[in-house]
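Residue numbers (our numbering), protein chains in the order written: chain A, 1 to 441; chain B, 1001 to 1584.
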């Protein structure tokens, strides 16, 4: 076997993934040009609006979700079958990804729920609510089995993980702060009516739908390319839903374990986990904090309100740049810029606005009201991030004694790689199948 | 330990899987390249942009009955569309082929990985790595990162400047009130909105009087408590009165605490700066020693004089022009920044068009009989930024600057056109032929309509949307006085004392009033009052109303042909010999 070919294959893989999404729909957008201005005898097909998807199918989706979650929990916790989880993952990718084109997904449903909280006019569909809550409920009981075998985004990344490279722990910890910031940001976006940003930064939806701009496809391909080497980069360093799943999983009633019984400290599980979610045993000497560390912890605890308040103040001061995520504010600013006479050409948006006859003063009043909302939202976002930062720093300052290899309950995807690598697991399986006869001493 | 398989050894499966992955990968790559090529081809050869078809269509325009040509165009069009849709189909099919290829490749790679996996090699017993090292490093990195992000955010919060605030400045004295979106915002808009909507102005331009006929040169004063009556003979209602050293018909301009005028009696050309609160002459400067300036002043008519063009200011510099073609720039302390001669204008009455500033450009309407032109000079250096040669006769009118909601427009009157230019680059935007004779009155603008009028010619109301003349009138038209357009009405003052009020929308004459003296000064709208001074120096104030409703008549005590400046609740009037400040 020519091993030198393998890297090339991976490059090809990513290029082709890009090519696959380079698909028809973007190009199809080009066909919307006028029909010929002369009679050619060709009978134009009648245009029609496709009927809305039957509501019952939404409940079918929910049912499939529940079945998949149940199966994933069974396979991860009871059956402890990595192979089973792998095939479930393939099914989820095909069904929730390519068939349902990535929508509805629990990750995006976070926005719908946020909208329900901030817009009294909005009524969240039951199916969407179910998609948001059911995986969280399962996580609270069984850990992140949703990530293990049901999430199509995770599944796609898992498939592409071919040459895992371990990211240094400190870097992974630092990057792990991004989902909190993103979660706060998307809630701010929803609360101010600025849009659903999860869907905009979802790197894989363009693959599922086989459409997207060139920039979007390059962005998606970059994620896939990163995913060849870095395990689930989106799930670990961007997914806002993972923040909620972490909270649930930390307190989950049950959770996958590495070894079915006792840990032999072979460290194979540590090697098998491409995400670095296995905690190593910590001797007592290593966890005893020095005097300086104790002081640091105390200082941090005192500083928590200071960090929260600082975050809030800075967040509220960012109302101007933050408000630019809102189209109304952007339009108002563009109109204002044009009114200075320094802009030569109107944009399509301002031209449309000016043609609408809506008074500028109304637009400006709307923009200012929105900016006021961003000031308050920015304060809340800043406080939230300040709190997250404080707690993370406190968490990093606390040492824990550990006698054997343990899973990081909050972060672990329950993918089963660790237990499938565990020699105790292998041994017990073989015992069950009768391939090994154990002679007790 | 490798997986065991029946028949084929694991190495064989790995070899086959990797081979399969290579084949699938190469297949995908080829399809991918083909798809990209097709995509590029499709973008380059869009059926609607075919130059070949267009050339045939152009030929058809010349020979519309040519049936064979039509047939050829149809077949070409069909061909182009067919090629286009075939390309789309190829891309669509290609995407499915790639998906299939990628699936095969992934399966092969997973198989190769599964069967090629080396037996696990437990690490030699030893102490586990101390997680506290990693945690401490993470602590430091997160802390440093958070500090950097907070510092950057703080910096951005100070640097981020929203253009919306400019709108607030225009519409409300307190940005905070508007920013909160309170009801007060609407009220303030209502107070000043109608005024600022129609002119190109910033807050400072609105509250000052930087050009002839005010901000934008459109004859509208910022809302304020302007005096209604005074008596220049007795001093009643006159805040101060200061003698102006040299004569001139130019009108005062105002910027905060300073009023500027120019004067000349042929030989000496001077610029004056007065204190707006006391009338004290702060400085006077001669405009002299300019290369190219004529040794002898040109002949001018007594009605125009040697200092007819009004000055202009941008708040930091003032600009003055004289019939000699001398153009000078001074700062507010009277230091000459630059000066140049634009060439002696070939103008039998004497140059009279006033200056205008847009952004950092000094705009000069320089329509003489030899080479009529419009110039934009860098306000800081005097360098010509753009120059437009015009196909018009000499003109004594002044430009106005408007903002139509879409763009700024510089509108100038000169026989035979009313012409609009983009003040930023001199690009001509539109022109309407409706003037003839010797044009002295400047245009006026309100509510999407431009009004141009000239004695012995016509009054034309031009729609800014369609550039059509919506209505026209021929009687009692102005000579030197410019029209005033308000929201509902158009006021015209003639040199023989007739003032006509038109319905601005329809052209219907609403009222005509004949005064004893004629008007060279232009009417100014302040709130709902129209101020118009006759040549004897009597200021007539009447309502902006469909009937003539006089509000007062105030004598200046000396003749005046200049247009007053309004600002800071005062009115500044240049008489024959004095500069007056009326109010409080």
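We put the CB at the ideal spot given by N, CA and C, even for glycine.
Where do the N-terminal and C-terminal ends of the beta strand (DSSP E) with residue 1463 of chain B fall, by residue? Reading the second chain from its first residue, position 463 is the one you call residue 1463 of chain B. Unbroken beta strand (DSSP E) run through residue 1463 of chain B: 1459–1463.
How about residue 399 of chain A and residue 1134 of chain B: do their beta carbons lie closer than 8 Å? In the first chain, residue 399 of chain A corresponds to position 399, counting from 1. In the second chain, residue 1134 of chain B corresponds to position 134, counting from 1. For residue 399 of chain A and residue 1134 of chain B, no; Cβs fall outside 8 Å.
Endpoints, alpha helix (DSSP H) assigned at residue 248 of chain A: Here residue 248 of chain A refers to the residue found at position 248 when the first chain is read from its first residue. Annotation: the continuous alpha helix (DSSP H) that includes residue 248 of chain A extends over 241–250.
So, are the CB atoms of residue 1227 of chain B and residue 1571 of chain B less than 8 Å apart? Here residue 1227 of chain B corresponds to residue number 227 of the second chain, with the count starting at 1. Here residue 1571 of chain B corresponds to residue number 571 of the second chain, with the count starting at 1. For the 8 Å CB-CB criterion, residue 1227 of chain B and residue 1571 of chain B form a contact.
Check whether the stretch 244–256 of chain A and the stretch 383–391 of chain A are in contact - that is, three or more C-beta pairs closer than 8 Å. Because the criterion of three Cβ pairs below 8 Å is not met, the stretch 244–256 of chain A and the stretch 383–391 of chain A do not touch.
Run through the DSSP bridge pairs and tell me what residue 1445 of chain B is partnered with. Here residue 1445 of chain B corresponds to residue number 445 of the second chain, with the count starting at 1. Answer by DSSP bridge pairing, in chain order: B:1450.
Chain-ordered chain A contacts of residue 1131 of chain B [CB-CB under 7 Å]: Sequence index remark: in the second chain, residue 1131 of chain B carries index 131 (1-based). Simply 279, 280, 282.
Proximity test, Cβ basis, 8 Å: residue 431 of chain A and chain B: To locate residue 431 of chain A, count along the first chain from 1; it is residue 431. Between residue 431 of chain A and chain B, the shortest Cβ-Cβ separation is not below 8 Å.
Chain A contact residues for residue 1044 of chain B, given Cβ-Cβ distances below 9 Å: As a working note, residue 1044 of chain B is residue 44 in the second chain. Correct list: empty, because the minimum Cβ distance to chain A is about 12 Å.
Would residue 406 of chain A count as contacting chain B if we go by Cβ distances under 8 Å? Position 406 of the first chain, counting from 1, holds the residue named residue 406 of chain A. No Cβ of chain B is located within less than 8 Å of the beta carbon of residue 406 of chain A.
Name the DSSP beta bridge partners of residue 1414 of chain B, please? Stepping through the second chain from its first residue, residue 1414 of chain B is reached at position 414. Answer by DSSP bridge pairing, in chain order: B:1417.
For residue 1331 of chain B, collect the residues of the same chain with a Cβ closer than 7 Å to its Cβ; drop the 5 residues on either side in sequence, then sort them by chain order. Position 331 of the second chain holds residue 1331 of chain B. Exclusion of the five residues before and after residue 1331 of chain B leaves 1316, 1317, 1337 as the residues of its chain whose Cβ lies within less than 7 Å of its Cβ.
Roughly how many angstroms separate the alpha carbons of residue 1100 of chain B and residue 118 of chain A, rounded to a whole number? Along the second chain, one-based indexing puts residue 1100 of chain B at 100. Along the first chain, one-based indexing puts residue 118 of chain A at 118. The alpha-carbon atoms of residue 1100 of chain B and residue 118 of chain A are separated by roughly 44 Å.
On the criterion of 16 or more Cβ atoms from any shown chain inside 10 Å, does residue 1044 of chain B qualify as buried, or is it exposed? If you number the second chain from 1, residue 1044 of chain B lands on position 44. By the Cβ-count criterion, residue 1044 of chain B is exposed, with fewer than 16 other Cβ atoms from all chains shown falling within 10 Å of its own Cβ.
Tell me, please, whether the stretch 326–340 of chain A touches the stretch 1381–1399 of chain B by the rule of three or more beta-carbon pairs shorter than 8 Å. Between the stretch 326–340 of chain A and the stretch 1381–1399 of chain B, the count of C-beta pairs closer than 8 Å stays below three; the two stretches do not touch.
Any idea which residues DSSP pairs residue 1274 of chain B with across the strands? Within the second chain, the letter at position 274 stands for residue 1274 of chain B. B:1259, B:1281.
Sequence-distant residues of the same chain with beta carbon closer than 8 Å to residue 300 of chain A, five excluded per side: If you number the first chain from 1, residue 300 of chain A lands on position 300. Closer than 8 Å at the Cβ level, and outside the excluded window around residue 300 of chain A, lie 390, 393, 394, 397.
Would you kindly report the start and end of the unbroken alpha helix (DSSP H) that includes residue 443 of chain A? Since the first and last residues shown for chain A are 1 and 441, residue 443 of chain A lies out of range.
Applying a beta-carbon distance threshold of less than 8 Å, which residues of chain B neighbour residue 99 of chain A? What you label residue 99 of chain A is simply residue 99 of the first chain in a count that begins at 1. For residue 99 of chain A, no chain B residue has a Cβ inside 8 Å of its Cβ, as the nearest lies near 13 Å away.
Cross-chain neighbours of residue 169 of chain A in chain B, by beta carbon under 7 Å: One-based indexing of the first chain puts residue 169 of chain A at position 169. Within 7 Å Cβ-Cβ: 1134, 1138.
For residue 224 of chain A and residue 386 of chain A, the rounded distance between their alpha carbons: Within the first chain, residue 386 of chain A is the residue found at index 386, counting from 1. Within the first chain, residue 224 of chain A is the residue found at index 224, counting from 1. Cα to Cα, the separation comes out at about 32 Å.
Rounded to the nearest angstrom, what separates residue 173 of chain A and residue 1140 of chain B at their Cα positions? For the purposes of this step, residue 173 of chain A is taken as residue 173 along the first chain, with counting starting at 1. For the purposes of this step, residue 1140 of chain B is taken as residue 140 along the second chain, with counting starting at 1. Distance between residue 173 of chain A and residue 1140 of chain B, taken at the CA atoms: about 11 Å.
Does the distance from the C-beta atom of residue 228 of chain A to that of residue 159 of chain A stay below 8 Å? For the purposes of this step, residue 228 of chain A is taken as the residue at position 228 of the first chain. For the purposes of this step, residue 159 of chain A is taken as the residue at position 159 of the first chain. Contact flag unset, no.
Mark residue 1241 of chain B as exposed unless 16 or more other C-beta atoms lie within 10 angstroms of its C-beta, in which case mark it buried. The count along the second chain starts at 1 and reaches residue 1241 of chain B at position 241. Under this definition residue 1241 of chain B is a buried residue.
Can you check whether the CB of residue 1216 of chain B is closer than 8 Å to the CB of residue 1401 of chain B? The count along the second chain starts at 1 and reaches residue 1401 of chain B at position 401. The count along the second chain starts at 1 and reaches residue 1216 of chain B at position 216. Between residue 1401 of chain B and residue 1216 of chain B, the C-beta spacing is below 8 Å.
At least one CB of chain A closer than 8 Å to the CB of residue 1143 of chain B: is that the case? To locate residue 1143 of chain B, count along the second chain from 1; it is residue 143. Yes, contact with chain A.
Would you kindly report the start and end of the unbroken alpha helix (DSSP H) that includes residue 1347 of chain B? Taking the second chain and counting its residues from 1, one reaches residue 1347 of chain B at position 347. Run containing residue 1347 of chain B: none; DSSP gives neither H nor E here.
Close beta carbons around residue 1550 of chain B, own chain, < 6 Å, minus the five adjacent residues each side: Taking the first residue of the second chain as position 1, residue 1550 of chain B is located at position 550. The residues are 1542.
Assuming residue 1302 of chain B contacts residue 1344 of chain B (C-beta within less than 8 Å), just tell me the rounded distance between them. By one-based count along the second chain, residue 1302 of chain B stands at place 302. By one-based count along the second chain, residue 1344 of chain B stands at place 344. So it is not a contact: roughly 19 Å between Cβ atoms.
Just by C-beta distance, which residues in the stretch 203–230 of chain A are closer than 8 Å to chain B? Listed in sequence order: 210.
Quick check on the DSSP output: what are the complete beta strand (DSSP E) runs of length 3 or more inside the stretch 1276–1347 of chain B, in order along the chain? Runs found: 1281–1286, 1317–1321, 1326–1331, 1336–1341.
I believe residue 1245 of chain B touches residue 1232 of chain B by the beta-carbon criterion, under 8 Å. Please report the beta-carbon distance rounded to the nearest angstrom. Residue numbering aside, residue 1245 of chain B sits at position 245 when the second chain is read from its first letter. Residue numbering aside, residue 1232 of chain B sits at position 232 when the second chain is read from its first letter. With a Cβ gap of about 19 Å, residue 1245 of chain B and residue 1232 of chain B do not count as contacting.
Against residue 1153 of chain B, what residues of chain A qualify as contacts under a CB-to-CB distance less than 7 Å, listed in chain order? Locating residue 1153 of chain B in the second chain gives position 153, where the first residue counts as 1. Those within 7 Å of residue 1153 of chain B in chain A are 314, 318.
Quick check on residue 1433 of chain B: buried or exposed, where buried means 16 or more other Cβ atoms within 10 Å of its Cβ? Within the second chain, the letter at position 433 stands for residue 1433 of chain B. Classification for residue 1433 of chain B: exposed.
Considering Cα atoms alone, identify which of A:372, A:205, A:378 is closest to residue 309 of chain A. One-based indexing of the first chain puts residue 309 of chain A at position 309. Out of A:372, A:205, A:378, A:378 has the C-alpha closest to the C-alpha of residue 309 of chain A.
Segment limits, beta strand (DSSP E) that includes residue 1550 of chain B: Sequence index remark: in the second chain, residue 1550 of chain B carries index 550 (1-based). Judged by DSSP secondary structure, residue 1550 of chain B falls within the beta strand (DSSP E) whose first and last residues are 1550–1555.
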